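For the first sequence, our numbering gives the first residue as 2, with consecutive numbering after it.
Ideal Cβ positions, reconstructed from N, Cα and C, are used throughout, including at glycine.
Because the structure is a prediction, the values reported are computed rather than measured.
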Amino acid sequence: MPELPEVETMVRGIRPHLEGRTLTGFRRMPCSCRPILVEPSPAAVRRRAIGRTVTQIGRRAKRILLKLDSGDAFVIEPRMTGLMLIADPPDCEHLRVEWLLESGGRLSRVWFWDRRGLGTVRFLKREELTELLSIGRLGRDALEMTADDWRTALGRTIRPIKVALLDQSLSAGIGNLYASEILYRAGIHPARPAARLTAERVKRLHAAVQEVLHEAIRHEGSTLSDGTYRNALNQNGGYQSSHCVYDRAGDACAICRSPIRRIVQAQRSTFYCPKCQK
DNA sequence: ATTAATGTTCAGAA
DNA sequence: TTTCTGAACATTAA
2 MPELPEVETM
12 VRGIRPHLEG
22 RTLTGFRRMP
32 CSCRPILVEP
42 SPAAVRRRAI
52 GRTVTQIGRR
62 AKRILLKLDS
72 GDAFVIEPRM
82 TGLMLIADPP
92 DCEHLRVEWL
102 LESGGRLSRV
112 WFWDRRGLGT
122 VRFLKREELT
132 ELLSIGRLGR
142 DALEMTADDW
152 RTALGRTIRP
162 IKVALLDQSL
172 SAGIGNLYAS
182 EILYRAGIHP
192 ARPAARLTAE
202 RVKRLHAAVQ
212 EVLHEAIRHE
222 GSTLSDGTYR
232 NALNQNGGYQ
242 SSHCVYDRAG
252 DACAICRSPI
262 RRIVQAQRST
272 FYCPKCQK
């Protein structure tokens, strides 16, 4: 479930192995059970990208951006179970895409691994890229939102605040896990209508977004019990031990000892403390 | 041995 | 316009 902190961790992990290096190979892995979506075809990508230098590795919301000196770029969407790896894949049958790079005679290799295969790897020309990045379908990055930005974005919808936090057109980067953790930190009930939050509560929400996401990045993201998410070195993240509510239904709230509750909103699980969140 | 649940995005319907 | 539903897919727990 790579959300903003996990994707940011991936970006930081692969950056030293890509930036400033020249692309010498790109292929879809033949051992994959099913081929992952790569657009356009790997052969077409190779014609345009081989020999180019990687200038910049970045993140846009939950997407990884790999820019070349030509202005073209790879855009990787891990979705549910996608990982960027520089070593030791969890298994070989779910390796999907491989990049080979060279710098001063030193070779490096980066993989996209994806168990469920919902992730995508796209190669965009410069002009397509500017279009993709400027579009209104993705809101401002959650880490760049000011309290004022939140007030404006949330004022547009009466959906429950938890559901609004997942709407990537309002603000991009927060997913199901961190939405619950953020609302717990802010003391806000997940069912409260987004547009009805007082200015005071929006300020608390803004602070909670900053605290939770930065803390999660510091711990290199969350590896849940299914063990799917790993950093670029195939190591577990560490933030799962700091989760206050996510996947903790029935556990005692750390503050008031009330049992944490699980409800379903928009077909997704939400976890919260009924006493601490109003 | 089925069935539900997992979380992200998008297309299409309400 | 806004909101909701289902599908893409693999794996595991019930």
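In angstroms with no decimal places, state the Cα-to-Cα distance between residue i and residue j.
i, j, result
"Met-85", "Met-11", "6 Å"
"Tyr-240", "Ser-226", "12 Å"
"Leu-198", "Arg-160", "11 Å"
"Asp-142", "Ala-173", "5 Å"
"Gly-59", "Ile-65", "6 Å"
"His-95", "Arg-231", "14 Å"
"His-215", "Glu-145", "12 Å"
"Ala-209", "Arg-249", "19 Å"
"Arg-28", "Arg-47", "8 Å"
"Ala-154", "Glu-128", "28 Å"
"Gly-188", "Gln-169", "22 Å"
"Leu-167", "His-207", "15 Å"
"Ile-37", "Leu-24", "20 Å"
"Ile-15", "Ile-87", "7 Å"
"Ala-62", "Gly-176", "10 Å"
"Cys-245", "Gln-211", "16 Å"
"Leu-171", "Gly-140", "5 Å"
"Tyr-126", "Leu-234", "It should be noted that the sequence gives Lys, not Tyr, for residue 126. Answer to the nearest angstrom: the Cα atoms are 30 Å apart."
"Met-2", "Thr-229", "8 Å"
"Thr-224", "Val-39", "26 Å"
"Gly-72", "Leu-19", "15 Å"
"Ala-1", "Gly-26", "Here the chain has residues from 2 to 279 only, and residue 1 is not among them."
"Ala-74", "Lys-68", "4 Å"
Taking the beta carbon of residue i as the centre, do at least 16 other beta carbons fall within 10 Å, making it buried, or is it exposed?
i, result
"Glu-221", "buried"
"Glu-201", "exposed"
"Arg-97", "buried"
"Gly-251", "exposed"
"Ile-256", "exposed"
"Gly-52", "exposed"
"Gln-278", "buried"
"Ser-243", "exposed"
"Leu-265", "Checking the sequence, you will find Val at residue 265 rather than Leu. Val-265 is exposed by the Cβ-count criterion."
"Thr-147", "exposed"
"Lys-276", "exposed"
"Ile-136", "For Ile-136, the predicted structure reports a pLDDT of 49, less than 50, and the residue's modelled location is therefore unreliable. A value from the coordinates is still provided. That one is exposed."
"Arg-258", "exposed"
"Asp-149", "exposed"
"Cys-93", "exposed"
Mapping DSSP to helix, strand and coil, what is residue i?
i, result
"Lys-279", "coil"
"Gln-58", "At residue 58 the sequence reads Ile, which differs from the Gln that was named. Of the three classes helix, strand and coil, the one that applies to Ile-58 here is strand, per DSSP."
"Asp-150", "helix"
"Arg-117", "coil"
"Pro-17", "helix"
"Thr-25", "strand"
"Met-85", "strand"
"Ile-77", "strand"
"Ile-37", "coil"
"Glu-182", "helix"
"Glu-221", "coil"
"Lys-63", "coil"
"Glu-145", "helix"
"Lys-126", "coil"
"Pro-3", "coil"
"Leu-166", "helix"
"Ala-192", "coil"
"Leu-101", "strand"
"Ala-209", "helix"
"Ala-173", "strand"
"Arg-138", "coil"
"Leu-234", "coil"
"Arg-107", "strand"
"Pro-43", "helix"
"Leu-96", "strand"
Contact defined as beta carbons within less than 8 Å: I believe residue i pairs with residue j. What is the distance between those atoms, to the nearest angstrom?
i, j, result
"Arg-123", "Val-76", "5 Å"
"Leu-184", "Lys-163", "6 Å"
"Arg-22", "Val-55", "6 Å"
"Gly-238", "Glu-7", "7 Å"
"Phe-113", "Gly-106", "Actually they are not in contact, since the Cβ atoms of Phe-113 and Gly-106 sit about 25 Å apart, beyond 8 Å."
"Pro-191", "Tyr-273", "5 Å"
"Thr-82", "Arg-138", "Not quite, the Cβ-Cβ distance comes to about 23 Å (not below 8 Å), so this is no contact."
I want to check one thing, is the minimum distance from the CB of residue i to the heavy atoms of the ligand NAP below 7 Å?
i, result
"Glu-216", "Absence of the ligand NAP from the depicted structure is noted, as is the absence of any ligand whatsoever, leaving it without description."
Problem set entry | Contained beta strand (DSSP E) runs [length at least 3] in the stretch 240-279, N- to C-terminal order | DSSP assignment within the stretch 240-279 yields the following whole beta strand (DSSP E) runs of 3 residues or more, N-terminal first: 262-266, 269-273.
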